[in-house]
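Student: Counting from 28, one number per residue, gives the positions in the sequence shown under our numbering. By construction, the Cβ of each residue, glycine as well, lies at the ideal position given by its N, Cα and C atoms. For clarity, every value in this text was computed on a predicted model and none was experimentally measured.
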Amino acid sequence: LLELHKLATDKNDPHLCDFIETHYLSEQVKSIKELGDHVTNLRKMGAPEAGMTEYLFDKHTLGHSNQS
Numbered sequence: 028l029l030e031l032h033k034l035a036t037d038k039n040d041p042h043l044c045d046f047i048e049t050h051y052l053s054e055q056v057k058s059i060k061e062l063g064d065h066v067t068n069l070r071k072m073g074a075p076e077a078g079m080t081e082y083l084f085d086k087h088t089l090g091h092s093n094q095s
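#1: In whole angstroms, what separates the C-alpha of His32 from that of Arg70?
#2: Given this structure, state the Cα-to-Cα distance separating Val56 from Thr88, to the nearest angstrom.
#3: Taking the alpha-carbon of Thr49 as reference, which of Tyr82, Lys86, Leu28 has the nearest alpha-carbon?
#4: To the nearest angstrom, how far is the alpha carbon of Leu62 from that of Asp40?
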């Protein structure tokens, strides 16, 4: 996506740049931030040393995605 965005920039196509940023890159940024937050939480919980860390992390993060 970044290469496509660079190509659109190089070809001076602001509409494609905006489309890529709005519909794809912003979602990737959100996902990367969320993953970073999860890693931070795991470290705070003592991963990988603590045996319950993975269980609790899965319970609290995956549990939310399974609820409708």
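Tutor: Concretely, from the data shown:
#1: The alpha-carbon atoms of His32 and Arg70 are separated by roughly 34 Å.
#2: Between Val56 and Thr88, the C-alpha separation is close to 19 Å.
#3: Each of Tyr82, Lys86, Leu28 was checked against the Cα of Thr49, and the nearest Cα belongs to Leu28.
#4: Cα-Cα distance, rounded: 31 Å.
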